[in-house]
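Enquirer: Residue numbers (my numbering): 9 to 134.
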């Protein structure tokens with residue numbers, strides 16, 4: 009009888025350990041899913057921002073082209089070297105600003121892609 013009681017006690021203890029581990033695994037999986045969902049949401053927001061920024065760039069480019077055409081027309085009638093140099097400097101400053109914004113955006117997207125890649129590498133499969 010003592011052996012049976014010990015076996016039952018051992019079986020109950022084992023069941024409790026298995027249940028505890030199953031609960032922990034479930035909690036880890038849920039947390040990982042929440043984290044992945046949050047990263048996906050952030051990625052979606054960044055992609056939306058990227059699209060918005062691209063539209064803004066395109067609009068700026070269109071505006072700059074219109075300005076350039078207007079200035080060319082003006083230059084055809086009257087142009088000095090100083091005016092041309094000033095316009096060139098302004099255009100270069102705008103281009104530098106656009107390049108800085110694009111570099112920042114590319115770094116942010118690369119960081120998110122790395123986060124998703126690292127998160128995906130530790131994926132728990134059940």
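Note that the Cβ used here is the ideal one computed from N, Cα and C, for glycine as well.
All figures in this text were calculated on a predicted structure; none of them were measured in a lab.
(1) Grab the span of the alpha helix (DSSP H) containing residue 11 for me, first residue to last.
(2) Whose CA, out of 84, 73 and 48, lies closest to the CA of residue 122?
(3) Do you know whose CA, among 110, 85 and 53, lies nearest residue 62's CA?
(4) Please report the straight-line C-alpha distance between residue 26 and residue 126, rounded to a whole angstrom.
Expert: Let me lay it out:
(1) From DSSP, the alpha helix (DSSP H) with residue 11 extends over 10-85.
(2) Ranking the options by Cα distance to residue 122, first place goes to 48.
(3) When the alpha-carbon of residue 62 is set against those of 110, 85 and 53, the nearest one is in 110.
(4) In this structure, the straight-line span from the alpha carbon of residue 26 to that of residue 126 is close to 29 Å.
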